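Line by line, the protein sequences are chains F and Y.
With my numbering, the residue at position 243 of the first sequence is 244, and numbering never jumps.
With my numbering, the residue at position 183 of the second sequence is 190, and numbering never jumps.
Glycine included, C-beta positions come from ideal geometry on N, C-alpha and C.
Please read all numbers here as calculations on a predicted model, not as lab measurements.
Have a look at the structure below before the remarks.
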Amino acid sequence: MGNVTIESAAIRLTDTILGYNEQDLEETLKAIALDIGVSNIAYMRFAPDKSSDASLLTGTVTYSFQWQTRYFLKQYVLIDPVIAYGGKAVLPFDWDELARDDPAVQAFFSDALTHDVGHNGLSIPVRNRRGVYSLVSYTSNHAKSEWQEFKKSNMVKLQLISVLIDSAASVNLKLSSPPVKLSKREEQCLIWAARGKTYQDISDILNISFGSVKSYLDTARHKLNCANLTHAVGVAIATGVIPAKALQGSSFK
Amino acid sequence: MLKLIEGSRASLFPMEMDAMFRNRAITFSERLGWDVTVKDGYERDEFDDANPLYLVSVDPKTNEYWGSLRLLPTTGPNMLRDVFPCLLAEGEFIESATIWESSRICAVAVDGQPQRSRQGVNFVLSELIAGIGEVAIIAGLTQIVSVFDARIYRVLKAVGCNPQLIGRPRRIGATMSYAGLFDTGEGLLAALTAFREELGIEPPESKELAKELAFA
């Protein structure tokens, strides 16, 4: 696999960043994987949480649809050590460096292998000006010695591509910058709305009038520059305005 | 011996972190007279909360703290852009996937440290700078940017870093400060390898250790 050229990958990504590339990010990542000779590319973004445990927010991956569905259904996000470690890593790391003593982790990696995720994995942490953490992973099925050589020769290029992927993903996600500051009440109402509560529920929970709930949520929606409440909840979580952790304990019951 | 400690895992290295924050308070507040915040004997700032990478030099036999520095990716929050933009011309900034910023380099002088090198460079400082070269390989970096004083500038030159000054020098506290860039390519690696052999410095080894602990 030797020395890769990243010119075409860089052009695809800068086109996305500048808005010339209408292709969705997954298609772009698939094309780049072919360009640079890796099996898959996975982009993960974490909540810019102040707390120590960053939580996974969103991702774009080139893995098979079958594996993506399986990953979701089996709740692998809770087991996957790439997520647990990578969410707060600074240095790039090879998946071989991750501890695999836990039988659940071993089972996860074998399952991943049977779904063509790739034998080798390398993850590169990226952070942007707003302190948002992302992780770009590259997988391959090459022999270990070739893989070592690939990493050694191309780490600088992979750093560059990873940062471009992060920028391209930010464009694709149309995240609002600069950070929005919600009032305490607006935040509380939005978190309850994100947990699936109705205006009436929220009014009962927070012991404020129905009208107040409506006006807090309206202001929050305006501040986030969103068309409706669903949109506002999504953007608020994706940009870390409300911490993803606040949603824990919510259920569909 | 050099340890690479990621900020998010710093709590696994309480002794090293305690000694580092104290050493920084003495170096930057007391000795250099920089306008830094010292609380309970620690010099800590917001970039310590931004998950930096610390390089910590310790006595290979006793694990006693010898010195440290801090690295931050320039794509995220960093000192030159967020604290010292006055060192660069207006509108100029350093932001690249392959340039990281080094800051807060400091060392203590204690018994048992190896001699200075032929060029008269402190062993610990040169070990730390050699460590940057290692990190550059692991992380795929091409250059390091840093704000430093004349003393560190001489150390960088002596170990073969050849820093290029950018922007204009400014007085910060009691010392003149400069912003500079240096390459981490093959040239630096060769210089650092020669240096390491002369001083008997071992390559850093605790990235793995940190991970094992993190998953224990």
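Using only CA atoms, which one of F:81, F:207, F:85, F:158 lies nearest to residue 4 of chain F?
Out of F:81, F:207, F:85, F:158, F:158 has the C-alpha closest to the C-alpha of residue 4 of chain F.
Please identify, using Cβ separations under 9 Å, the residues of the segment 46 to 73 of chain Y that lie next to chain F, in order along the chain.
Listed by position, the residues of the segment 46 to 73 of chain Y near chain F (Cβ gap below 9 Å) are 56, 57, 58, 59, 60.
To the nearest angstrom, how far is it from the Cα of residue 125 of chain F to the Cα of residue 240 of chain F?
Taken atom to atom, the span from the alpha-carbon of residue 125 of chain F to that of residue 240 of chain F is near 21 Å.
Keeping to the same chain, check which residues put their C-beta closer than 8 Å to that of residue 148 of chain Y; ignore five residues upstream and five downstream.
105, 106, 107, 142, 191.
Looking at chain F, is there any beta carbon in it that lies within less than 9 Å of the beta carbon of residue 188 of chain Y?
Output row for residue 188 of chain Y: interface = no.
Local Cβ density within 10 Å of residue 289 of chain F, reported as buried at 16 or more and exposed below that:
No information on residue 289 of chain F is available, as it lies outside the stretch 2 to 254 that chain F covers here.
Own chain, CB closer than 6 Å to residue 176 of chain Y, minus 5 neighbours either side, in chain order:
The beta carbon of residue 176 of chain Y is closer than 6 Å to those of 183, 185 in its chain, skipping five residues each way along the sequence.
Would you verify that the beta carbon of residue 160 of chain F is, or is not, closer than 9 Å to some beta carbon of chain Y?
Output row for residue 160 of chain F: interface = yes.
State yes or no: is the C-beta of residue 161 of chain F within less than 9 Å of the C-beta of residue 11 of chain F?
A contact, by the Cβ cut-off of 9 Å.
Using the beta-carbon of each residue, which ones in chain F are nearer than 7 Å to residue 145 of chain Y?
Taking a Cβ-Cβ cut-off of 7 Å, the neighbours of residue 145 of chain Y in chain F comprise 92, 93, given in sequence order.
Grouping DSSP H, G and I as helix and E and B as strand, with all else coil, what is residue 212 of chain F?
Annotated three-state conformation of residue 212 of chain F is helix, per DSSP.
Note down, in chain order, all residues in the segment 94 to 109 of chain Y with a beta-carbon under 7 Å from any beta-carbon belonging to chain F.
Along the segment 94 to 109 of chain Y, the positions whose C-beta sits under 7 Å from a C-beta of chain F are 104, 105, read in chain order.
If you measure beta-carbon to beta-carbon, which residues of the segment 9 to 28 of chain Y are closer than 8 Å to chain F?
Cβ contacts with chain F: 11, 13, 14, 15, 16.
Chain-ordered chain F contacts of residue 83 of chain Y [CB-CB under 8 Å]
Correct list: 128, 129, 130, 132.
Using CA coordinates, which residue listed in F:87, F:131, F:123, F:166 is at the minimum distance from residue 150 of chain F?
Selection F:87, F:131, F:123, F:166 evaluated against residue 150 of chain F yields F:123 as nearest (Cα-Cα).
Distance, residue 84 of chain F Cα to residue 212 of chain F Cα
The alpha-carbon separation between residue 212 of chain F and residue 84 of chain F amounts to approximately 41 Å.
Whole angstroms is fine: what's the gap from residue 247 of chain F's alpha carbon to residue 234 of chain F's?
For residue 247 of chain F and residue 234 of chain F, the distance between alpha carbons rounds to 12 Å.
Nearest residue (CA-CA) to residue 186 of chain F, options F:208, F:167, F:168
The shortest Cα separation from residue 186 of chain F among F:208, F:167, F:168 belongs to F:208.
From what residue to what residue does the beta strand (DSSP E) around residue 73 of chain Y run?
Residues 72 to 80.
First through last residue of the beta strand (DSSP E) which encompasses residue 258 of chain Y
Nothing can be reported for residue 258 of chain Y, as the shown portion of chain Y is limited to 8 through 223.
Nearest-angstrom Cβ-Cβ length linking residue 135 of chain F and residue 167 of chain F, presumed shorter than 8 Å
Between residue 167 of chain F and residue 135 of chain F the Cβ distance is about 5 Å, and since that is below 8 Å, they are a contact.
Look up residue 91 of chain F in the DSSP assignment and say whether it is helix, strand or coil.
Correct three-state label for residue 91 of chain F: coil.
Using only the alpha-carbon positions, how far apart do residue 174 of chain Y and residue 89 of chain Y sit?
Residue 174 of chain Y and residue 89 of chain Y have their C-alpha atoms some 15 Å from each other.
Apart from the five residues just before and just after residue 39 of chain Y, which ones in its own chain have a Cβ nearer than 8 Å to its Cβ?
Here the set comprises 156, 180, 181, 182.
Got a sec, what are the start and stop residues for the beta strand (DSSP E) residue 10 of chain Y sits in?
Residues 9 to 13.
Beta-carbon contacts of residue 67 of chain F that lie in its chain and below 8 Å, excluding the five residues immediately before and after
Answer for residue 67 of chain F: 116, listed in chain order.
I'd like to confirm the pairing. Which residues does DSSP put opposite residue 22 of chain F in its beta bridges?
Paired residue(s): none; residue 22 of chain F is not in a bridge.
For residue 178 of chain Y, does the count of other Cβ atoms within 10 angstroms reach 16, so buried, or fall short, so exposed?
Counting Cβ neighbours within 10 Å, residue 178 of chain Y comes out exposed, since fewer than 16 surround it.
Looking at residue 110 of chain Y: is its Cβ nearer than 9 Å to the Cβ of residue 79 of chain Y?
Yes. Within cutoff.
Using a 10 Å radius around the Cβ and a threshold of 16 neighbouring Cβ atoms, would you call residue 201 of chain Y buried or exposed?
Counting Cβ neighbours within 10 Å, residue 201 of chain Y comes out exposed, since fewer than 16 surround it.
With respect to the beta strand (DSSP E) encompassing residue 174 of chain Y, which residues constitute its N-terminal and C-terminal limits?
Taken as a continuous stretch (DSSP letters only), the beta strand (DSSP E) holding residue 174 of chain Y covers 171 to 179.
Going by the beta-carbon positions, is the gap between residue 140 of chain F and residue 41 of chain F smaller than 9 Å?
Yes, the Cβ-Cβ distance between residue 140 of chain F and residue 41 of chain F is below 9 Å.
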